[in-house]
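Protein chains: 4
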Amino acid sequence: MLLSERLVKKPWAVEPIAFGKRPIIINIDNQKFFTSRQSPFNPAGMPGFDSLTRAVQAQKVLFEHARARNIQIAHTVVAFRKDGKDRGLWKPLDMIRLCTEGSVWAQIDAEIAPHEEDLFFVRKKPSAFFGTPFLELMIAGRYDTLVITGSNTSGCIRATTNESFMHGFHTILPVECIGDLTGEEAHWANLSDVNGRYADVVTLEDVLKYFSSLPKQESL
Amino acid sequence: MLLSERLVKKPWAVEPIAFGKRPIIINIDNQKFFTSRQSPFNPAGMPGFDSLTRAVQAQKVLFEHARARNIQIAHTVVAFRKDGKDRGLWKPLDMIRLCTEGSVWAQIDAEIAPHEEDLFFVRKKPSAFFGTPFLELMIAGRYDTLVITGSNTSGCIRATTNESFMHGFHTILPVECIGDLTGEEAHWANLSDVNGRYADVVTLEDVLKYFSSLPKQESL
Amino acid sequence: MLLSERLVKKPWAVEPIAFGKRPIIINIDNQKFFTSRQSPFNPAGMPGFDSLTRAVQAQKVLFEHARARNIQIAHTVVAFRKDGKDRGLWKPLDMIRLCTEGSVWAQIDAEIAPHEEDLFFVRKKPSAFFGTPFLELMIAGRYDTLVITGSNTSGCIRATTNESFMHGFHTILPVECIGDLTGEEAHWANLSDVNGRYADVVTLEDVLKYFSSLPKQESL
Amino acid sequence: MLLSERLVKKPWAVEPIAFGKRPIIINIDNQKFFTSRQSPFNPAGMPGFDSLTRAVQAQKVLFEHARARNIQIAHTVVAFRKDGKDRGLWKPLDMIRLCTEGSVWAQIDAEIAPHEEDLFFVRKKPSAFFGTPFLELMIAGRYDTLVITGSNTSGCIRATTNESFMHGFHTILPVECIGDLTGEEAHWANLSDVNGRYADVVTLEDVLKYFSSLPKQESL
Chain A
1 MLLSERLVKK PWAVEPIAFG KRPIIINIDN QKFFTSRQSP FNPAGMPGFD SLTRAVQAQK
61 VLFEHARARN IQIAHTVVAF RKDGKDRGLW KPLDMIRLCT EGSVWAQIDA EIAPHEEDLF
121 FVRKKPSAFF GTPFLELMIA GRYDTLVITG SNTSGCIRAT TNESFMHGFH TILPVECIGD
181 LTGEEAHWAN LSDVNGRYAD VVTLEDVLKY FSSLPKQESL
Chain B
1 MLLSERLVKK PWAVEPIAFG KRPIIINIDN QKFFTSRQSP FNPAGMPGFD SLTRAVQAQK
61 VLFEHARARN IQIAHTVVAF RKDGKDRGLW KPLDMIRLCT EGSVWAQIDA EIAPHEEDLF
121 FVRKKPSAFF GTPFLELMIA GRYDTLVITG SNTSGCIRAT TNESFMHGFH TILPVECIGD
181 LTGEEAHWAN LSDVNGRYAD VVTLEDVLKY FSSLPKQESL
Chain C
1 MLLSERLVKK PWAVEPIAFG KRPIIINIDN QKFFTSRQSP FNPAGMPGFD SLTRAVQAQK
61 VLFEHARARN IQIAHTVVAF RKDGKDRGLW KPLDMIRLCT EGSVWAQIDA EIAPHEEDLF
121 FVRKKPSAFF GTPFLELMIA GRYDTLVITG SNTSGCIRAT TNESFMHGFH TILPVECIGD
181 LTGEEAHWAN LSDVNGRYAD VVTLEDVLKY FSSLPKQESL
Chain D
1 MLLSERLVKK PWAVEPIAFG KRPIIINIDN QKFFTSRQSP FNPAGMPGFD SLTRAVQAQK
61 VLFEHARARN IQIAHTVVAF RKDGKDRGLW KPLDMIRLCT EGSVWAQIDA EIAPHEEDLF
121 FVRKKPSAFF GTPFLELMIA GRYDTLVITG SNTSGCIRAT TNESFMHGFH TILPVECIGD
181 LTGEEAHWAN LSDVNGRYAD VVTLEDVLKY FSSLPKQESL
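Going line by line, the protein sequences match chains A, B, C and D.
Per this note's numbering: the first sequence = residues 1 to 220.
Per this note's numbering: the second sequence = residues 1 to 220.
Per this note's numbering: the third sequence = residues 1 to 220.
Per this note's numbering: the fourth sequence = residues 1 to 220.
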């Protein structure tokens, strides 16, 4: 089934944003809290669990191509203090309580472990821009294009997509690299919402072609 | 059908955020661009057009109760320069082009026209917090609770809800006061997403009871 | 006296930030509240009043060169609601109260009136980035260099300089184009602070040379 | 000499902001990079070095009173990656290069070491609000008053003061708890600037009296 058939069309015409000149990748929440079958977040089997496993495999392909072009990769995870002072008003408190700083659940999946040259941020809120230095780094590095990967489409991916667009960046979502524990329905509803307004939902192949078209990138 | 039956449950338990002590209302995009049957945004009839008409009626009830308690109301609309310099990377460009500053489409629906004591902001992006002084005003006024009304659930309501939660406010969505031009599916998908994570989706009656429980509020 | 002699050296070495590739100008508070001899803000004669008159003349030279290269100019003024709801916690309340939206004091000095293609923002706080869409516009326009002009060095110029640096932009202060009503001491103390850390304090001639070195700019 | 005599009066009248109802303390950059006589930042003796030593002693008194009332204390330090990717456009690069994450220079002075219940943030920019979750925590904790201590008055203290005011918080600077390596002149120039516009520069005793007037505080 073609990507264009999976995305629910909005009742207005849209023009693609297209890729910019200098991309950076943000990889969101590929931490064991979400990706491990043993996580307390997956006790009875989450309906979309396999979509995260699949997304990690697609990310490996994407990252390999990115590194070959010296395209910057950033990773971010959520993790909280044991005393809960930084929990804010999250509703799924039983879960949030377990995802503490320094715990195994805050660790990035070994399959996709950060390299030394990657950026890394811990955060407390869905958007990768919130309470982190990511925006300043994107501006200082003159990045104009944000490629978003990871999970979950209906939570942190949506929040980061919204903020990337609002800040003024070309926002690109390679669909194979993104998953949602809650299943297909919320995944496609959110991709359709943002594709109709703020971002380009594309295939992994589209992004690989784009990377191939770029010269080797200067470091941040 | 009960509200709780319309909201798709997420596969984790949630605890309600509940109301805080000092509320403010943000009324989003009740401008003729969305609410008028004559708008170029509604040429062939948008599937959720009636949901906006209904939302405006519910807002009138909500606002009347709010004014009786001296609860602050803020309004915001989107509007753009004729030369397009402030359009950013919105995808529905054919539409955005028509919603210019000073045009009839930027006017708030006469049914729900702002009072002199209300706040009012023009903005360029989905979230009411983006590129406006709204956050500073909420902090300076010691508001801890944001009641969100208006349209569209899958666009500006979702964006404002996300940011309200991320900033640390109790975020309340009275479902009758919110509509979505694109129809029921996107409306409930987004309400379900945020109700499972960041906000309390409640009935208009819940908010009226809450307002009744409060003392007359001090002005900003 | 050379500029380098007026700036108090900090006890550490600094490397100039230098100009970037794509500049934008922000012209701050050249409104009659500050620039008019009849303003209530200047009842007994402010010690640095003439520095603002001089700055406006230098801005005219700068802007003429900028327009010839199609370099974007933005203007911003402070102005408040009559009911004071947006005043925040400013201390000089007797003054703030008079600078209302729509009043003569919120008007830009006729000598330096904005052109139709310029950007314009009203704000409530010292920094040009606070409660305005200016940051989003800088990012969307791929600007990397902010040239700051206007007044007052020890207030809104300092605040905007700090935030421009923190967001990651090359921050340039052409000294002839900047003034301070409170006089020379606060002016040079603040220029020295920021020149030692975040920004390049330069001459008008330096900026004109830089502009001359650039190709005609694409519009935002 | 009285505090009021040290502060240069601005040519307009000011009304004090006064204390709010719920304070939090931010302690800025009391890290060995600034406070240690052995730091590379102090090779030939900085003119204001002793002011930091004195400030730490005053902070100890302040913090003891705060802890007795369960008033929240937050600490922040600057520290950078070894590869410099997060340095932004700081001008004193020879210094910035040495203050790396995990190095001794990023450690807080042992005299004033954080307790387990304190908040702690690493940052890359002068303001404590920039690239950190501090704003969200202040909002979520319903704090309305920020007491700022640490160093340096003409750098990070000034930047944090500006942003605290702009966000809408009562901003309080107990003068004995603040120091500046570059000496008295920049210290008093900056205190005078902010006291004339945004913040109340007060004595340590003023803050201790205020703390004594408060009930024991609820935790964040």
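Beta carbons: idealized from backbone N, C-alpha and C, even for Gly.
In whole angstroms, what separates the C-alpha of A199 (chain C) from that of F19 (chain C)? Reading the third sequence from its first residue, position 199 is the one you call residue 199 (chain C). Reading the third sequence from its first residue, position 19 is the one you call residue 19 (chain C). Cα to Cα, A199 (chain C) sits roughly 10 Å from F19 (chain C).
Name the one or two DSSP bridge partners that Q107 (chain D) has. In the fourth sequence, counting from the first residue as 1, residue 107 (chain D) sits at position 107. DSSP output for Q107 (chain D) lists no bridge partner at all.
So D200 (chain D) is in the beta strand (DSSP E); what residue range does that whole segment cover? As a working note, residue 200 (chain D) is residue 200 in the fourth sequence. Start and end: D200 to V202.
Residues from the segment 144-171 of chain A in contact with chain C, defined by Cβ distance under 9 Å: D144, M166, H167, G168 and F169
Would you mind listing the beta strand (DSSP E) stretches within the segment 120-204 of chain B that are 3+ residues and don't spill past its ends, in chain order? 145-151, 170-174 and 200-202
Among C:E163, C:T182, C:Y143 and C:L98, which has the Cα closest to the Cα of I73 (chain C)? By one-based count along the third sequence, residue 73 (chain C) stands at place 73. Checked all of C:E163, C:T182, C:Y143 and C:L98; the closest Cα to I73 (chain C) is C:Y143.
Between P133 (chain C) and chain B, is any beta-carbon pair separated by less than 8 Å? Within the third sequence, residue 133 (chain C) is the residue found at index 133, counting from 1. True, the Cβ-Cβ gap to chain B drops below 8 Å.
Answer with yes or no whether the minimum CB distance from K85 (chain D) to chain A is below 8 Å. Here residue 85 (chain D) is taken as the residue at index 85 of the fourth sequence, counted from 1. It does: the Cβ of K85 (chain D) has a partner Cβ on chain A nearer than 8 Å.
For the beta strand (DSSP E) holding I73 (chain C), just list the boundary residues, first then last. Counted from its first residue, the third sequence places residue 73 (chain C) at position 73. Element bounds for I73 (chain C): I73 to V78.
For a cutoff of 8 Å on Cβ pairs, would you count E136 (chain D) as touching chain B? Counted from its first residue, the fourth sequence places residue 136 (chain D) at position 136. Interface residue, yes.
Rounding to the nearest angstrom, what Cα-Cα distance links T145 (chain D) and K124 (chain B) in this structure? In the fourth sequence, residue 145 (chain D) corresponds to position 145, counting from 1. In the second sequence, residue 124 (chain B) corresponds to position 124, counting from 1. Looking at the backbone, the Cα of T145 (chain D) and that of K124 (chain B) are separated by about 31 Å.
Express the C-alpha separation of L98 (chain C) and I24 (chain D) in angstroms, rounding to a whole number. By one-based count along the fourth sequence, residue 24 (chain D) stands at place 24. By one-based count along the third sequence, residue 98 (chain C) stands at place 98. If you take the alpha carbons of I24 (chain D) and L98 (chain C), they lie about 33 Å apart.
Cβ of T198 (chain D) within 8 Å of any chain C Cβ: Translated into positions along the fourth sequence, residue 198 (chain D) becomes position 198. A small correction: the amino acid at residue 198 (chain D) is Tyr; Thr does not occupy that position in the sequence shown. So, interface residue.
Counting only Cβ pairs nearer than 9 Å, list the residues of chain D close to K124 (chain A). As a working note, residue 124 (chain A) is residue 124 in the first sequence. Going along chain D in sequence order, the residues near K124 (chain A) (Cβ under 9 Å) are P133, E136 and L137.
Extent of the continuous alpha helix (DSSP H) to which I96 (chain D) belongs: Numbered from 1 along the fourth sequence, position 96 holds the residue referred to as residue 96 (chain D). That run of the alpha helix (DSSP H) goes L93 to I96.
Rounded to the nearest angstrom, what separates S36 (chain C) and I28 (chain C) at their Cα positions? Position 36 of the third sequence, counted from the first residue, corresponds to residue 36 (chain C). Position 28 of the third sequence, counted from the first residue, corresponds to residue 28 (chain C). So the alpha carbons of these two residues sit roughly 15 Å apart.
For N174 (chain A), is the classification buried or exposed, using 16 other Cβ atoms within 10 angstroms of its Cβ as the cut-off for buried? Here residue 174 (chain A) refers to the residue found at position 174 of the first sequence. Note that residue 174 (chain A) is Pro in the sequence shown here, rather than Asn. When all chains shown are included, P174 (chain A) counts as buried.
Anything in the segment 1-25 of chain C with a Cβ closer than 7 Å to a Cβ of chain D? List those residues in chain order, please. K10, P11, W12, A13, V14, E15 and I17
Can you give me the start and stop residues for the beta strand (DSSP E) that N70 (chain C) sits inside? Residue mapping note: residue 70 (chain C) aligns to position 70 of the third sequence, counting from 1. No beta strand (DSSP E) holds N70 (chain C); DSSP gives it neither H nor E.
Near R6 (chain B), which residues of its chain fall below 7 Å by C-beta distance, leaving aside the five closest residues on each side in sequence? Position 6 of the second sequence, counted from the start, is the residue given in the question as residue 6 (chain B). Correct list, in chain order: W188.
Have a look at P40 (chain B) and F33 (chain B) and give me their C-alpha separation to the nearest angstrom. Counted from its first residue, the second sequence places residue 40 (chain B) at position 40. Counted from its first residue, the second sequence places residue 33 (chain B) at position 33. Their backbone Cα atoms lie some 7 Å apart in a straight line.
Check I25 (chain D) in the structure and name its three-state DSSP category. Here residue 25 (chain D) corresponds to residue number 25 of the fourth sequence, with the count starting at 1. Per DSSP, reduced to three states, the secondary structure at I25 (chain D) is strand.
Pull the bridge partners of Q217 (chain A) from the DSSP assignment, please. Within the first sequence, residue 217 (chain A) is the residue found at index 217, counting from 1. In DSSP, Q217 (chain A) forms no bridge with anything.
Check the Cβ-Cβ distances between L93 (chain B) and every residue of chain C, and say whether any is below 8 Å. Working through the second sequence from its first residue, we reach residue 93 (chain B) at position 93. No, L93 (chain B) lies away from the interface with chain C (no Cβ there is under 8 Å from its Cβ).
Cut-off 8 Å between Cβ atoms - residues of its own chain near D86 (chain C), not counting five sequence neighbours on either side: In the third sequence, the residue the question calls residue 86 (chain C) occupies position 86. Only F80 and K124 meet the Cβ criterion.
Pick from B:L137, B:Q38, B:H115 and B:I178: whose alpha carbon is nearest that of E64 (chain B)? Sequence index remark: in the second sequence, residue 64 (chain B) carries index 64 (1-based). Of the candidates B:L137, B:Q38, B:H115 and B:I178, the one whose C-alpha sits nearest the C-alpha of E64 (chain B) is B:H115.
What residues in the segment 47-77 of chain A bring their beta carbon closer than 8 Å to a beta carbon of chain C? Those would be none; no residue qualifies.
Can you have a look at P43 (chain B) and say buried or exposed, based on whether 16 or more other CB atoms are within 10 angstroms of its CB? Counted from its first residue, the second sequence places residue 43 (chain B) at position 43. The residue in question, P43 (chain B), is exposed, as its Cβ has fewer than 16 Cβ neighbours within 10 Å.
Rounded distance between the beta-carbons of D109 (chain B) and Q57 (chain B), thought under 8 Å: For the purposes of this step, residue 57 (chain B) is taken as residue 57 along the second sequence, with counting starting at 1. For the purposes of this step, residue 109 (chain B) is taken as residue 109 along the second sequence, with counting starting at 1. At roughly 11 Å, the Cβ-Cβ gap does not stay under 8 Å, so Q57 (chain B) and D109 (chain B) are not in contact.
Are the C-beta atoms of A140 (chain A) and some chain C residue less than 8 Å apart? Position 140 of the first sequence holds residue 140 (chain A). Chain C contact via Cβ: present.
P133 (chain B) burial status per 10 Å Cβ neighbour count (16 or more: buried): Counting from 1 along the second sequence, the entry for residue 133 (chain B) is found at position 133. So P133 (chain B) ends up on the buried side.
Does the CB of L119 (chain B) have a neighbour CB from chain C at under 8 Å? On the second sequence, position 119 is the one that residue 119 (chain B) refers to. The Cβ of L119 (chain B) sits closer than 8 Å to at least one Cβ of chain C.
Quick check: is the beta carbon of T182 (chain C) nearer than 8 Å to any beta carbon in chain D? Against the third sequence, residue 182 (chain C) aligns to sequence position 182. Yes, T182 (chain C) counts as interfacial toward chain D.
At the 8 Å Cβ level, is L204 (chain A) part of the contact set with chain B, yes or no? Stepping through the first sequence from its first residue, residue 204 (chain A) is reached at position 204. False, the Cβ-Cβ gap to chain B never drops below 8 Å.
Can you find at least 3 beta carbon pairs, one from the segment 148-163 of chain B and one from the segment 176-192 of chain B, that sit closer than 8 Å? yes
Rounded separation between K21 (chain A) and A113 (chain A) - CA only: Stepping through the first sequence from its first residue, residue 21 (chain A) is reached at position 21. Stepping through the first sequence from its first residue, residue 113 (chain A) is reached at position 113. C-alpha separation (whole angstroms): 27 Å.
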